[in-house]
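*Asks:* Anchor point for the sequence shown: position 193 equals 193 in UniProt numbering, and the numbering is continuous, going up by one each time. Glycine residues also receive a C-beta, built at the ideal position from the N, C-alpha and C atoms. Remember, predicted model here, so these are calculated numbers, not experimental data. Sharing a structure below in structure tokens format, with a few things to ask.
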Amino acid sequence: MKKILVTGALGQIGSELVMKMRGIYGSENVIATDLRKLEGSPVVTTGPFEILDVTDHEAMLHLAKKYEIDTLVHLAALLSATAEAKPLLAWNINMGGLVNALEVAREVKCKFFTPSSIGAFGPSTPKDNTPQDTIQRPTTMYGVNKVAGELLCDYYYKKFGVDTRGVRFPGLISYEVLPGGGTTDYAVDIYYEALKSGKYTSFIASGTKMDMMYMPDAISAIINLLEADASKLIHRNAFNIAAMSFEPEEIAAEIKKHMPEFIMDYNVDPIRQGIADSWPNSMDSTCAKNEWGFVAEYDLAKMTTDMLQKLRAKGIGAK
Ligand code: NAD
Ligand code: SER
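This is how it looks when you write it as structure tokens:
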């Protein structure tokens, strides 16, 4: 990979992926793009940055040619809760943006990565140790978009030979940029509120297990899959990858080990709870491990120690 263009680069994943990739491939070689520009962000100040609306195919093709890219990482999308509130907008951005990005990858003959999600599964999917290849009948607009996206990426590989790759991310937990409207956001919010006020009101109900992953493992997964030997990839797109699975009381208990005074109560949001209830408890990552060596370094305990330390270093909760 010599010239990489990233869409949705100011989001939760993009802000960390761009900085990591600039460190590996060179600052000038990672072109960050987003619908908006955040003036002080290192994504904007440390290398090329361009405004790009992914629903504009001509603008994306123009940038791909201008920078002579050989890799396109497509991240721009609406997440599950936002997509459920604005389903038609989600269809237009999530599907319109993806087909534009795949077309650009076909036109300039570049490698392609886009993430799917645990949201690609639904209530009829086996909940525990969810297999790589299984029933996918999601009941959310986000899930419909993700399943269609997985199939579209497979189609562009088979029909046009585009080197498409992707993973199904679980909920991602990070300290650089806040998540952008997902169902798993509670597992990030809880750390901020623990430090700010010593208490947290969870919008996800007690007993609701979901797969989660710490951002450093997610960033490594993207880079490792993009660098993987293509001849070893049987699935290519939508690899299940998981690091830990927990319910709200388990993350609260882990925080309590560091902050014994921390307390959590519940005010369940029926929309996000309904989405969470339709998702798996824990996915089986065997295919990702076997085909390209996926590993996760962080479990709940190691992540909690690091999250609290990094947020304190940012001044979160300081009086
Ligand atoms: P995010 O919401 O944090 O960031 C998305 C970015 O896309 C934002 O910076 C936004 O400004 C930009 N954007 C929105 N509409 C756009 C448009 N029309 N044109 C260009 N940019 C636009 O999202 P994220 O968490 O970084 O997620 C990135 C991808 O990863 C998405 O496909 C998401 O479904 C997937 N994913 C994320 C998670 C997670 O927990 N964060 C989990 C599974 C999958
Ligand atoms: N974290 C994401 C969401 O909740 C999972 O795709 O939408």
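Taking C-alpha atoms, which residue in T201, V104 and S124 lies nearest to C153?
*Replies:* In the sequence shown, counting from the first residue as 1, residue 153 sits at position 153. Per the Cα distances, V104.
*Asks:* Give the secondary structure of I51 by DSSP, where H, G and I count as helix, E and B as strand, and everything else as coil.
*Replies:* Within the sequence shown, the letter at position 51 stands for residue 51. The answer is strand: DSSP assigns I51 an E or B state.
*Asks:* Between the beta-carbon of T114 and the beta-carbon of H74, is there less than 7 Å?
*Replies:* To locate residue 114, count along the sequence shown from 1; it is residue 114. To locate residue 74, count along the sequence shown from 1; it is residue 74. Yes; because the gap between Cβ atoms is below 7 Å, this pair is in contact.
*Asks:* I'd like to know whether the C-beta atoms of V54 and G97 end up nearer to each other than 7 Å.
*Replies:* Taking the first residue of the sequence shown as 1, we reach residue 54 at position 54. Taking the first residue of the sequence shown as 1, we reach residue 97 at position 97. Yes. Within cutoff.
*Asks:* Note down the Cα distance separating V83 from T183, rounded to an integer number of angstroms.
*Replies:* Residue 83 sits at position 83 when you count from the first residue of the sequence shown. Residue 183 sits at position 183 when you count from the first residue of the sequence shown. The question names Val, but residue 83 is Ala in the sequence shown. Distance between the alpha carbons of A83 and T183 is about 11 Å.
*Asks:* Is L79 a contact residue of ligand 2, with contact defined as CB to any heavy atom under 6 Å?
*Replies:* Position 79 of the sequence shown, counting from 1, holds the residue named residue 79. Answer for L79: yes, Cβ within range of ligand 2.
*Asks:* Check whether the Cβ atoms of G180 and L79 sit closer than 7 Å, and answer yes or no.
*Replies:* To locate residue 180, count along the sequence shown from 1; it is residue 180. To locate residue 79, count along the sequence shown from 1; it is residue 79. Contact: yes.
*Asks:* Taking the beta carbon of M282 as the centre, do at least 16 other beta carbons fall within 10 Å, making it buried, or is it exposed?
*Replies:* Here residue 282 refers to the residue found at position 282 of the sequence shown. Inspection of the sequence shows that residue 282 is occupied by Ser rather than by Met. S282 should be labelled buried.
*Asks:* Quick one: residues in its chain with C-beta nearer than 6 Å to the C-beta of L195, no 5 flanking neighbours on either side, listed in chain order?
*Replies:* For this step, residue 195 is matched to residue 195 along the sequence shown. Counting only Cβ-Cβ distances below 6 Å, and skipping sequence neighbours, we find L311, I316 and G317.
*Asks:* Closer than 6 Å: is that where the CB of S117 sits relative to any heavy atom of ligand 2?
*Replies:* Against the sequence shown, residue 117 aligns to sequence position 117. Checking every heavy atom of ligand 2 against the Cβ of S117, one is found closer than 6 Å.
*Asks:* Report the residue from Y186, G23, N29 and P48 whose alpha carbon sits nearest the alpha carbon of L10.
*Replies:* Walking along the sequence shown from the start, residue 10 turns up at place 10. Measuring from the Cα of L10, the nearest candidate turns out to be P48.
*Asks:* Taking G207 as the reference, give the member of S231, I173, F239 and I251 with the closest Cα.
*Replies:* Taking the first residue of the sequence shown as position 1, residue 207 is located at position 207. Looking at the Cα atoms, I251 is the closest of the given residues.
*Asks:* So what does I173 bridge to, in DSSP terms?
*Replies:* Here residue 173 refers to the residue found at position 173 of the sequence shown. Answer is Y214, bridged to I173.
*Asks:* Whose CA, out of I222, T304, I255 and I204, lies closest to the CA of N271?
*Replies:* Within the sequence shown, residue 271 is the residue found at index 271, counting from 1. Looking at the sequence itself, residue 271 is Ile, so the reference to Asn does not match. Minimum Cα distance to I271 is reached at I204.
*Asks:* Assign P138 to buried or exposed, taking buried as 16 or more other Cβ atoms, counted over all protein chains shown, within 10 Å of its Cβ.
*Replies:* Your numbering for residue 138 matches position 138 in the sequence shown. Buried, by the Cβ-count rule.
*Asks:* Taking three-plus beta-carbon pairs below 8 Å as touching, is the stretch 37 to 45 in contact with the stretch 63 to 77?
*Replies:* Short answer: they don't touch.
*Asks:* Compute every distance between the C-beta of T208 and the non-hydrogen atoms of ligand 2, then say whether any falls below 6 Å.
*Replies:* Along the sequence shown, read from residue 1 onward, the residue named residue 208 stands at position 208. T208 Cβ: outside cutoff for every heavy atom of ligand 2.
*Asks:* Is it the case that the Cβ atoms of D217 and A296 are separated by a distance below 7 Å?
*Replies:* Counting from 1 along the sequence shown, the entry for residue 217 is found at position 217. Counting from 1 along the sequence shown, the entry for residue 296 is found at position 296. The Cβ-Cβ distance between D217 and A296 falls below 7 Å.
*Asks:* Candidates N129, K111, K256 and Y67: which alpha carbon is nearest G161's?
*Replies:* Counted from its first residue, the sequence shown places residue 161 at position 161. Ranking the options by Cα distance to G161, first place goes to K111.
*Asks:* Buried or exposed: I13, going by 16 or more other Cβ atoms within 10 Å of its Cβ?
*Replies:* In the sequence shown, the residue the question calls residue 13 occupies position 13. With 16 or more other Cβ atoms within 10 Å, it is buried.
*Asks:* At 3 residues or longer, what runs of the beta strand (DSSP E) sit wholly inside the stretch 148 to 201?
*Replies:* 167 to 169 and 171 to 173
*Asks:* So what does D34 bridge to, in DSSP terms?
*Replies:* In the sequence shown, counting from the first residue as 1, residue 34 sits at position 34. DSSP output for D34 lists I51 as bridge partner(s).
*Asks:* Give me the residue from S231, K209 and R236 with the minimum Cα distance to I222.
*Replies:* Residue 222 sits at position 222 when you count from the first residue of the sequence shown. Closest option to I222, Cα to Cα, is R236.
*Asks:* Any chance the CB of T7 is under 6 Å from a heavy atom of ligand 2?
*Replies:* Here residue 7 refers to the residue found at position 7 when the sequence shown is read from its first residue. T7 Cβ: outside cutoff for every heavy atom of ligand 2.
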